[in-house]
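*Asks:* Sequences listed follow chains A and B, in order.
Taking our numbering, I'd label the letters of the first sequence as residues 48 to 114.
Taking our numbering, I'd label the letters of the second sequence as residues 3 to 437.
The beta-carbon is built from N, C-alpha and C at its ideal position, and this holds for glycine as well.
The structure presented is a predicted model; accordingly, all values stated were derived computationally and were not measured.
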Amino acid sequence: MTTTIGIPILLGILLLPIYTVVAGFLFGEPRDFRTAGMGLGIMAAMAVFMIGSTAMMGVVFGLITPF
Amino acid sequence: MSTAKNSILKPLSTISAKFLALVVVLGIAALVTLEAILHQLLYGLVVTDLASWGTQGGVTWGLYIGTFEWFAGMAVGSLAAVGYIRYKEITRYDIIARIGEIWALISGLSAAYLIVIDLGRPDRVLNILTAWFVTVQYSPLAWDVTFVTALLVMTSTMLILSLRRDFSEMQLNKLPIYTAILGELLTLGYRPEEREKLDSMLRWLGLALLILAFTGGMVPGWLLGVVGAQAGWYGGIAGISFLASGLVSGVAVLALTAGVLRYVYGMEEALPDEVFVGLGKALTLFGFVYLVVLFNEILPSIFPMAPLAESRVGEAMLYGHFATDFWLAMAALAIPVLILAIFRERMLASGTGLAIVSAVMLWGVFVKKQLTVIEPLMYPSGLPYEVGTYVPTLVEWVISIGAILIAILLFAIATKLVPMGRLLGESASTEEVNH
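1. With distances taken from CA atoms, which of B:419, B:166 and B:120 is nearest residue 198 of chain B?
2. Any idea what DSSP makes of residue 235 of chain B, helix, strand or coil?
3. Confirm, please, whether the CB-CB distance from residue 89 of chain B to residue 212 of chain B is below 8 Å.
4. Rounding to the nearest angstrom, what Cα-Cα distance links residue 320 of chain B and residue 356 of chain B in this structure?
5. Under 7 Å Cβ to Cβ from residue 69 of chain B, same chain only, skipping five residues before and after it: list those, please.
6. Taking its Cβ as the centre, do 16 or more other Cβ atoms sit within 10 Å of residue 55 of chain B, making it buried, or is it exposed?
7. Determine which residues of the stretch 199-211 of chain B have a Cβ less than 9 Å from any Cβ of chain A, and write them out in chain order.
8. Skipping 5 residues on each side, what residues in its chain have a beta carbon closer than 6 Å to that of residue 19 of chain B?
9. How would you write the range of the alpha helix (DSSP H) that residue 130 of chain B sits in, first residue to last?
10. CA-CA distance, residue 16 of chain B and residue 235 of chain B?
11. Once the 5 residues before and after residue 209 of chain B are set aside, which same chain residues still bring their CB inside 8 Å of it?
12. Short check: CB of residue 93 of chain A to CB of residue 138 of chain B, under 8 Å?
13. With H, G and I counted as helix, E and B as strand and the rest as coil, what does DSSP make of residue 59 of chain B?
14. Three-state secondary structure (DSSP) at residue 66 of chain A?
15. On the CB-based measure, 16 or more other CB atoms within 10 Å of its CB, does residue 82 of chain A come out buried or exposed?
16. Let's test the definition: count the other Cβ atoms within 10 Å of the Cβ of residue 429 of chain B and tell me whether it reaches 16, buried, or not, exposed.
17. Rounded to whole angstroms, what is the Cα-Cα separation between residue 125 of chain B and residue 12 of chain B?
18. Buried or exposed for residue 37 of chain B, going by 16 or more other Cβ atoms inside 10 Å?
19. Using the three-state DSSP reduction, which class does residue 433 of chain B fall into: helix, strand or coil?
20. Name the residues in the stretch 170-201 of chain B whose C-beta lies less than 7 Å from a C-beta of chain A; which are they?
21. If you run the structure through DSSP and keep just helix, strand and coil, what is residue 74 of chain B?
22. So, with DSSP's three-state summary, where would you put residue 79 of chain A?
23. Taking 8 Å as the CB-CB limit, is residue 139 of chain B close to chain A?
24. State buried or exposed for residue 391 of chain B, treating a residue as buried only when at least 16 other CB atoms are found within 10 Å of its CB.
25. Roughly how many whole angstroms lie between the Cα atoms of residue 126 of chain A and residue 51 of chain A?
26. At a cut of 8 Å, does the stretch 269-277 of chain B reach the stretch 99-112 of chain B through at least three beta carbon pairs?
27. Would you grab the beta carbon distance between residue 240 of chain B and residue 219 of chain B for me? Rounded to a whole angstrom, and I think it's under 8 Å.
28. Can you tell me which of B:379, B:287, B:388 and B:296 puts its alpha carbon nearest to the alpha carbon of residue 342 of chain B?
29. How is residue 2 of chain B classed by DSSP in three states: helix, strand or coil?
30. Decide if residue 176 of chain B is buried, meaning its Cβ has at least 16 other Cβ atoms within 10 Å, or exposed.
31. Quick check on the burial criterion: 16 or more other C-beta atoms within 10 angstroms. Buried or exposed for residue 133 of chain B?
32. In whole angstroms, what is the alpha-carbon distance linking residue 437 of chain B and residue 91 of chain B?
33. Consult DSSP for residue 171 of chain B and reduce its assignment to one of helix, strand or coil.
34. With DSSP collapsed to three states, give me the class of residue 46 of chain B.
35. Could you check whether residue 202 of chain B and residue 75 of chain B sit closer than 8 Å to each other, using their CB atoms as the reference points?
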């Protein structure tokens, strides 16, 4: 069971705020898909930036670590 | 422009000699921390006092993870406060929301960095990313990485969108040049008709941050709570305990920062007494709840019917080697709660009193976090190992305390880059009265 508990936790708990934001931005009043798209675009860009910068940090640490 | 408007922009427009001195001191501390990090990268975790559980008589997690738990809790608490203020659109707490956005981001980054620095080979953070699709199916560590990433992404989005709204109400040419450039960038393509939608999006994002704080915000507690082999960690209350401590430290850091800003910049109009009274009431409630949770966490381990391994940890916590630290931490939480409950408005009015008790409570949570992580690891259960020892090395102290000083440096710089709130117009003032 330990190999399957993560999926409901990921999809049912951890991603709950993301569902809220996507639904709220797109379908919340007033409807304005341009501004909503911009907001979601910023969030996607931040996700790429955060994950990308962590990966970069790993690469830089790898260059410093001699072993 | 009213006094309140002026005082909101005051941190932006003044750079005093004292501020520069603070930046220099904290900058030197940051350089020393960087040197300690390089030292650890070159020689590995052997420069710490971390060692294997049981066979080496050590602890596998020490100051880094204790400080990570403290920062992660502070991020959760700040996140909850920001979410509540933005979702309910409580205009008079707007500065607190901005302070919270910045602190949640800085605390999240500090927490993430401390996880990485605790890895035996920090470059293997790449493995965490590439193996995520598999590990997230069973590993609380992968859930924690997911939570911290979500926290960073959503907090930075909140900061960007709320700044877009705030900058759109300001005359950018009257701001310092670097703030004006940031304002131009964040208001790129702004149209007045998007304003209503932007307000709605900030409310939705506020709700999402609240959900994140009260759901994902339990994950760092689960890191300990699911470890069945470790007495003192295992148990169903770990997630709740983490959340409760986070709400205390999150609100405390906001109250402390607000108190300092009001004192240094004379922001009495923008940060009125009622804001501090509200923060003080929240801190009293969260502090009391945390103490109740801690009592529930500890009682089963010191009751005569406790399993042997549990009672060893429980008794060590209350009467053992670190008992003085434990009781001091408890006093640092309980006494401020009592003072806040008894003196209330009189105590909170100026902001200074609340800032002092907030600092004491932050210290109390910090010590308790360290003990929660470290002390149980010294008592391996199930096998006849000796009681472990752990004395953090200078490198560990420098990196951990350095993380706190770097966080303060980043916040100090942020106060000179971004406005601390909105310029409230007539409509906002009316709205404020209605709340």
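*Replies:* Answer, in terms of the structure:
1. For the purposes of this step, residue 198 of chain B is taken as the residue at position 196 of the second sequence. Of the candidates B:419, B:166 and B:120, the one whose C-alpha sits nearest the C-alpha of residue 198 of chain B is B:166.
2. Taking the first residue of the second sequence as position 1, residue 235 of chain B is located at position 233. DSSP places residue 235 of chain B in coil when its eight states are reduced to three.
3. Your numbering for residue 212 of chain B matches position 210 in the second sequence. Your numbering for residue 89 of chain B matches position 87 in the second sequence. Yes; because the gap between Cβ atoms is below 8 Å, this pair is in contact.
4. Working through the second sequence from its first residue, we reach residue 320 of chain B at position 318. Working through the second sequence from its first residue, we reach residue 356 of chain B at position 354. Taking the straight line joining both Cα atoms gives about 29 Å.
5. Translated into the one-based positions of the second sequence, residue 69 of chain B becomes position 67. Same-chain partners within the cutoff: 116, 402 and 405.
6. Residue 55 of chain B sits at position 53 when you count from the first residue of the second sequence. Buried, since its Cβ has 16 or more Cβ neighbours within 10 Å.
7. 199, 200, 202, 203, 205, 206, 207, 209, 210 and 211
8. Taking the first residue of the second sequence as position 1, residue 19 of chain B is located at position 17. Closer than 6 Å at Cβ, skipping near neighbours: no residue.
9. Position 128 of the second sequence, counted from the start, is the residue given in the question as residue 130 of chain B. 127-132 is the span of the alpha helix (DSSP H), which, as asked, contains residue 130 of chain B.
10. Numbered from 1 along the second sequence, position 14 holds the residue referred to as residue 16 of chain B. Numbered from 1 along the second sequence, position 233 holds the residue referred to as residue 235 of chain B. Their backbone Cα atoms lie some 48 Å apart in a straight line.
11. Sequence index remark: in the second sequence, residue 209 of chain B carries index 207 (1-based). 85 and 89, listed in sequence order.
12. Position 46 of the first sequence, counting from 1, holds the residue named residue 93 of chain A. Position 136 of the second sequence, counting from 1, holds the residue named residue 138 of chain B. No, the Cβ-Cβ distance between residue 93 of chain A and residue 138 of chain B is not below 8 Å.
13. For the purposes of this step, residue 59 of chain B is taken as residue 57 along the second sequence, with counting starting at 1. Three-state DSSP puts residue 59 of chain B in coil, outside helix and strand.
14. The residue you call residue 66 of chain A lines up with position 19 of the first sequence. DSSP places residue 66 of chain A in helix when its eight states are reduced to three.
15. Within the first sequence, numbered from 1, the residue matching residue 82 of chain A stands at position 35. Per the 10 Å Cβ criterion, buried.
16. Translated into the one-based positions of the second sequence, residue 429 of chain B becomes position 427. Low local confidence applies: a pLDDT of 41 at residue 429 of chain B is under 50, so the model's placement there is unreliable, with the coordinate-based value given in what follows. Label assigned to residue 429 of chain B: exposed.
17. For the purposes of this step, residue 125 of chain B is taken as the residue at position 123 of the second sequence. For the purposes of this step, residue 12 of chain B is taken as the residue at position 10 of the second sequence. Each residue's Cα considered, the two are about 42 Å apart.
18. For the purposes of this step, residue 37 of chain B is taken as residue 35 along the second sequence, with counting starting at 1. It is exposed - the Cβ of residue 37 of chain B has fewer than 16 other Cβ atoms within 10 Å.
19. By one-based count along the second sequence, residue 433 of chain B stands at place 431. Confidence is the limiting factor: at residue 433 of chain B the pLDDT is only 41, short of 50, which leaves the residue's position unreliable, though a coordinate-based value still follows. Correct three-state label for residue 433 of chain B: helix.
20. 196, 198, 199 and 200
21. The residue given as residue 74 of chain B occupies position 72 in the second sequence. Of the three classes helix, strand and coil, the one that applies to residue 74 of chain B here is helix, per DSSP.
22. The sequence position of residue 79 of chain A within the first sequence is 32, counting from 1. Three-state DSSP puts residue 79 of chain A in coil, outside helix and strand.
23. Residue mapping note: residue 139 of chain B aligns to position 137 of the second sequence, counting from 1. Answer yes: the Cβ-Cβ gap between residue 139 of chain B and chain A drops below 8 Å somewhere.
24. Mapped onto the second sequence, residue 391 of chain B falls at position 389. Label assigned to residue 391 of chain B: exposed.
25. Outside the shown range of chain A (48 to 114) lies residue 126 of chain A, about which nothing can therefore be said.
26. no
27. Taking the first residue of the second sequence as position 1, residue 240 of chain B is located at position 238. Taking the first residue of the second sequence as position 1, residue 219 of chain B is located at position 217. That belief does not hold up - the Cβ atoms of residue 240 of chain B and residue 219 of chain B are roughly 12 Å apart, past 8 Å.
28. Working through the second sequence from its first residue, we reach residue 342 of chain B at position 340. Cα-wise, what sits closest to residue 342 of chain B is B:287.
29. Look at the range of chain B in this structure, 3 to 437, and you will see that residue 2 of chain B is not part of it.
30. Position 174 of the second sequence, counting from 1, holds the residue named residue 176 of chain B. By the 10 Å Cβ count, residue 176 of chain B comes out exposed.
31. Residue 133 of chain B sits at position 131 when you count from the first residue of the second sequence. Exposed.
32. Taking the second sequence and counting its residues from 1, one reaches residue 437 of chain B at position 435. Taking the second sequence and counting its residues from 1, one reaches residue 91 of chain B at position 89. Here the model assigns residue 437 of chain B a pLDDT of 38, short of 50, so the residue's position is not dependable and the matter cannot be decided.
33. Looking up residue 171 of chain B in the second sequence gives position 169. Here residue 171 of chain B sits in coil by DSSP.
34. Against the second sequence, residue 46 of chain B aligns to sequence position 44. Residue 46 of chain B: coil per DSSP, three-state reduction.
35. Here residue 75 of chain B is taken as the residue at index 73 of the second sequence, counted from 1. Here residue 202 of chain B is taken as the residue at index 200 of the second sequence, counted from 1. Their beta carbons are not under 8 Å apart, which means residue 75 of chain B does not touch residue 202 of chain B by this criterion.
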